Structure formats: C-alpha cells, structure tokens
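Protein chains in written order, with the working numbering: chain A, 2 to 369; chain B, 773 to 1062.
From the three backbone atoms N, C-alpha and C, an ideal C-beta is built for every residue, glycine too.
Note that the structure is a prediction, hence the values are computed from the model and not measured.
To start, the structure itself, in structure tokens.
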C-alpha cells in the first residue's frame, strides 16, 4: 500500500525539484549578459558591499542610496518593454504616478497597522498593472507599433499629469486623502513592518535600504529568469522581426501585452516605493522631464541587457545627483547631451559597451 | 437670433480648436509624414519661434514680419540639427525619437539658463468684437484664417511645385529618386527645415496669446501628437480631417466640462481610433475610396 504513494511522492518531489532547477538554470542564458562563477562571485561581492555599506556612512547617505534603489524597478521594467520587446514606451511614469497616488490614497484612508502598507503596495501595483494592460490592449491589439507606441504612452502620462495638477480644490478628495493639485499629496505613512512591541516604521534609512536591496535582488533575478525562459526569447524574436515571430505561430500581441503589463507593474512598484520613501508625490512625477529620465537611464545603461540597465541606472542617478548638487541648472543639459552621445556613439548603451569590451579583454566572463 | 448666437459661439469654439490643432500639428506632420521621424523637439521649435517673434516684435518689427522671422530662425536651426544629428539616425527611427528628446531637454533647460524663467510677451492685437452678449477675440479669427491658409499653402507646395514632386518622390521610393539624380540628402534636410519652420510659425502665431516660458512648447505637444496619430502616415489626406474631428470633440468636451476634459476626450479618442483604425484616418480614407 505504501509503496505506490511513496513513489508518487518521490515523483512529485523530483518534478518539483527539476522545475526549480530548470528555473534556476535560467539565471544564465542567451538573453542576459554575465555568466560563470566569476560573474556571480562579482555580483555577490557587490551585494555584500551594498549590505555592509549602511554601517559605514551616516543616515542621510543611506536614505539617499535607498532613493537610487527606488528607481531601478521602473528602469528594469522599461528594459523589458523597450530593450527586449522593442516597444519604446515614454509613459512608464504614468504607471509610476498612478501607483504612487494609489498607495497614498489607500494608506491615508486605512492606516498602517498590521503591515497593511504592504497590502497597499500590492494593491497599488495591481492597479498600475491593470491600467498598463488596458492601455497595452488598445495599443497592441490595435496593432500599432514603433513610434506610435511612444506617442500614445507619452500622451497618457502628460494627460494624467494635467489631470492631477488641477485637483487643487477641496472637492478633490478620496476619503480622507486630499489630492492637493500641483502641490502634490503628502502625509502618507512609510512602509511599516508589524513587530512585537510596536510597528517598525521604515523611514529613509538603513532598514528601508536593506528592504529595497532585497526587493532589487528578487526582482532582478526573477526578471532574469523570465527573460531566459521561452517568454524572453519570444520577446527578443518580436523585437528583431515581428512578422517573422508571428509567422512562427506566436500571438505577438499577447506577448507584447504581457511585457507591457510587467513593465507597468515594475513602474508601479517604483511609484509606491518612491511615495513611501519620501511620503510625498506630485503630479510633476508624471511630467515630461520625469518621463524622460527612465529613457535616459535605460538608453545610457544599455537597453538590451538587464544587468547593464541596472548598473547604468544607478550610475546615471548618482551622476545626476552630483550634478544637481554642484550646478543644478546644468544637470538637464548634461542629461540631454549624454542621451545624444549615447544614441550617436554607443547605440548599444555605454555600460553595455564597456561590459562587452571588458569581457573581450578578460576571456569568457560576460560574453554572449 | 438666440439660435444664431449659440451656433456662432459653437462655431467659434470649433474654429479655435481646429486652428490650434492644424497649426500645432503641421510641422510635426510634415516631418513624420515625409521622413517617418517623430520629432520630440517639436515643442522646442515652437518655443523658439515664439521667443524670436516676441523679441523682434518688441524691437519694433511689425507682427507679421516678426512671425516670419520666428519661423525662419526655427527653420534654420532645424536644418542645422538635421545636418549634425538627425541625418545619422534615419535608419533607426526609435533612436531618432530619443535623440530629438535629448535636443528638447537641452533646448528647454538652455533657454531657462540663458534667458531666465520668463520673458515679457506681446499683447494680443486687434482687440475683440461683441456678437450678441459675448465678446470674441479678433485675433482668434485671424488664427482660423491662418490655419486654412496653411493647409492650402502646404497642398500647393507639395502638389503644385517642383520641390513638392521631388520631395514626394523621395519619400515614396528613395532609391529610385536617387537613381534619377535627386539629391535625397538635401531634400531630407529641406523637409526637416520646413517642418521646423512650420513649428516656429505655430510658435509665432500663438506668441501673442501665451505666456513666454521655456516650457511653453509642451502646451502644444499632446494636441499635435494626437492629431498626427489620428491622421495617420499620409498628412495631406489624414491631418486635416483628423484635426476637424478632434476639434469637434475637443470643442464639445471643453464647452460642457472644461479644458481638462477636452484633453481627456482627445486622449480617449486617439486610443479608440488606434484600436479601430490602426493606420489612422488616411489609410482608412484611401481604402474606402478605392
């Protein structure tokens, strides 16, 4: 009696294990740069340095580092949508802002008890995902492509900005949350972990930084596995030649929609974390300048590779902040020039080009 | 009489919206329709035209000449940018969007640094007329006339001149045009310059009605993009009817719910249009006329 059950359990165990191994093997693959022990050792070293970093610097610097990490999700989402799927979206900030405002409205109305902020995080992300899916449905099932995707998404984010900017009057409130028009919404609680003897409020500091680092690692590895799975290969096939991908029998609209929804979800995650980080969000986070920034990060980093995007985003954010400190008005000019330089000189992206050169110099490290 | 007044008011709203859409979109539509490039620095060319117009008008030039000056300067800057940057990106349309965006960032912030956050504008000329119990700005009627003149002028330019024939040939079959001895590079340069000059013209025409700030171009961006998307790739067949339809929607929504809903109405329209008519109005009109 027991034997079949045992063997069944054994089989189930085996298939689960093999599924897990299959996904783990997808950490490396044709669609992402970086493989082999050297790469992963380097990655772990960087991660360890990042974990230890808060212990050596003051709280302001740590909060600042958290600020950089907040944006990486939107960049990774844009990397999937634009770099891998070939649909240049200018409107990731629409999902960013929507999720940010949603987090504010939900938490201001319900509060931060019992870890509710994390439920609000998930709900806001879901809202951004659904919104992205709706826009994506109309775009991709309408078979628009190329530059038109950029125009539609840009229009969406600009109209959202205009809408939020005119919600100044007291009639614009959802429950207890005043939208406050151009001045933006504030006063929402930060992310809060329920704990014995009082909740832990994650203000911008070491705690939040560690949490964000954890989310970055999870999202990075997750997206990496997804891109090396068949899903990612189909996205690249669509980017390279949509007609061919379609002739091979893939419903490219569905895959594009999927990629766009993932991009929206990640932009939403950034929006929520940004709002929770500063307890503040304004309509200008959906404006033209804000919409330009993710494009700059991803283009300069290297849109066709997730790792290059992640590294590039952090580098550009850091450089941008240094510029803002030393000459705030020239920062945007330098950004524009950097964008032009990247497009004209290193179309693959600065970081991606450097990574490839580095790999060629030092053997098989990161070569595709 | 009451009905006449109401109709007149409706017509005024519609004409105003129509003029705005046509004038704002013309430059973008020429560059996109002819070269397949979306010029995200469109708003900055508009801003450039408006600034030059305001500066020359304040220096004593009559307004029509000042507006032409604005268009001219924007056109020259456009040709210079085409020569240095855009030319290298014709085979990479997505990256040309990003490059023009970079130009736009530099231009907006550069103007802010050099000229400050605002510039003194010029007053709206001609005053206003009173029809019934409301007063209407005469300059708005001038703008409506300018929009119609612009459409007619572009039609004549592209269908009745040698430049127009060569330009259309270059767009339809670049290799063939080149084989027949057309210098396609300079045609692309001229077309881009024309688009930039039209944007400058839009800035000049609207300069008397707006506040002069470096970001003023963004007021035109959404409307002009929406018009181009709804119109589709062929600007002559698509853009004018698209502007007319969008103007009806915008005027109606604005009249009933306010400025913002006018814009939201436009956005919803564009999303529905791309779902139903992916090629835009021009493709649909061409198909149904066959």
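**Message:** Measuring straight from C-alpha to C-alpha, what distance separates residue 980 of chain B and residue 861 of chain B?
**Reply:** 35 Å
**Message:** Less than 8 Å between the beta carbons of residue 268 of chain A and residue 96 of chain A, yes or no?
**Reply:** yes
**Item:** Boundaries (first-last residue) of the beta strand (DSSP E) holding residue 909 of chain B
**Value:** Residue 909 of chain B -> beta strand (DSSP E) spans 906 to 909.
**Asked** Are any of the Cβ atoms in chain B nearer than 8 Å to that of residue 28 of chain A?
**Response** no
**Prompt:** Is DSSP giving residue 326 of chain A helix, strand or coil here?
**Reply:** Reduced to three states, the DSSP call for residue 326 of chain A is helix.
**Request:** Please confirm if residue 140 of chain A has its CB atom under 8 Å from at least one CB of chain B.
**Result:** yes
**Asked** Which two residues bound the contiguous alpha helix (DSSP H) that contains residue 45 of chain A?
**Response** 37 to 53
**Item:** Sequence-distant residues of its chain with Cβ nearer than 6 Å to residue 941 of chain B (five each side left out)
**Value:** 949
**Request:** Under 6 Å Cβ to Cβ from residue 368 of chain A, same chain only, skipping five residues before and after it: list those, please.
**Result:** Only weak support is given to the placement of residue 368 of chain A: the predicted model assigns it a pLDDT of 42, under 50, and the question is left unresolved by the model.
**Prompt:** So is residue 811 of chain B buried or exposed if we call it buried at 16+ other beta carbons inside 10 Å?
**Reply:** buried
**Prompt:** Which ranges would you report for the alpha helix (DSSP H) in the stretch 104 to 138 of chain A if only whole runs of at least 4 residues count?
**Reply:** Entirely contained in the stretch 104 to 138 of chain A, not one alpha helix (DSSP H) run reaches 4 residues.
**Message:** If I measure Cβ to Cβ from residue 247 of chain A and keep anything under 8 Å in the same chain, skipping five residues before and after, which residues do I get?
**Reply:** 253
**Message:** For a contact defined as C-beta to C-beta under 9 Å, what are the partners of residue 860 of chain B on chain A?
**Reply:** 344, 345
**Asked** Counting contacts by CB-CB distance shorter than 8 Å, is residue 997 of chain B in contact with chain A?
**Response** yes
**residue 327 of chain A, buried or exposed, once every other Cβ within 10 Å from all chains shown has been counted against 16** = exposed
**Item:** Burial state of residue 229 of chain A, where buried means 16 or more other Cβ atoms lie within 10 Å
**Value:** buried
**Prompt:** Any beta-carbon of chain B closer than 8 Å to the one on residue 93 of chain A?
**Reply:** no
**Asked** Quick one: which chain B residues come within Cβ less than 8 Å of residue 149 of chain A?
**Response** Correct list: 1001, 1046.
**Request:** Measure from the alpha carbon of residue 161 of chain A to the alpha carbon of each residue in A/317, A/296, A/316, A/285, then state which is nearest.
**Result:** Considering only alpha carbons, the answer is A/285.
**Request:** Kindly indicate which three-state DSSP category residue 87 of chain A falls into: helix, strand or coil?
**Result:** coil
**Request:** Evaluate residue 20 of chain A with the Cβ neighbour count: other Cβ atoms within 10 Å of its Cβ, from every protein chain shown; 16 or more gives buried, anything less gives exposed.
**Result:** The residue in question, residue 20 of chain A, is exposed, as its Cβ has fewer than 16 Cβ neighbours within 10 Å.
**Message:** What are the residues in the stretch 155 to 174 of chain A lying within 8 Å of chain B by C-beta distance?
**Reply:** 155, 156, 157, 159, 160, 163, 164, 167
**Asked** Taking 8 Å as the CB-CB cut-off, is residue 871 of chain B touching chain A?
**Response** yes
**Asked** Closer than 8 Å, CB to CB, is residue 785 of chain B near chain A or not?
**Response** no
**Beta-carbon separation (whole angstroms), residue 1032 of chain B vs residue 164 of chain A, contact threshold 8 Å** = Separation of the CB atoms of residue 1032 of chain B and residue 164 of chain A is rounded to 6 Å, and the pair is thereby assigned contact status at 8 Å.
**Asked** Who does residue 901 of chain B pair with in a DSSP beta bridge?
**Response** B/908
**Request:** Report yes if the C-beta of residue 1057 of chain B is less than 7 Å from at least one heavy atom of the ligand COA; otherwise report no.
**Result:** Ligands are entirely absent from the displayed structure, and the ligand COA is therefore not among its contents.
**Prompt:** Whose C-beta lies closer than 6 Å to the C-beta of residue 1059 of chain B among residues of the same chain, with five residues either side of it excluded?
**Reply:** Excluding its 5 nearest sequence neighbours in each direction, residue 1059 of chain B has no C-beta neighbour in its own chain below 6 Å.
**Contact set between the stretch 280 to 314 of chain A and chain B, restricted to residues whose Cβ is under 7 Å from the partner** = 289, 293, 296, 300
**Prompt:** How is residue 862 of chain B classed by DSSP in three states: helix, strand or coil?
**Reply:** coil
**Asked** Can a CB atom of chain B be found closer than 8 Å to the CB of residue 348 of chain A?
**Response** yes
**Prompt:** Any C-beta of chain A sitting closer than 8 Å to the C-beta of residue 900 of chain B?
**Reply:** no
**Request:** Please report the Cβ distance between residue 104 of chain A and residue 122 of chain A, rounded to the nearest whole angstrom; I am assuming they are in contact, meaning their Cβ atoms lie under 8 Å.
**Result:** The C-beta distance from residue 104 of chain A to residue 122 of chain A rounds to 7 Å, short enough to fall under 8 Å.
**Asked** So with Cβ pairs under 8 Å, would you call residue 340 of chain A a contact of chain C?
**Response** Absent here is chain C; the protein component of the structure consists of chains A and B.
**Request:** In angstroms with no decimal places, state the Cα-to-Cα distance between residue 963 of chain B and residue 893 of chain B.
**Result:** 30 Å
**Request:** Could you tell me whether the Cβ atoms of residue 168 of chain A and residue 287 of chain A are closer together than 8 Å?
**Result:** no
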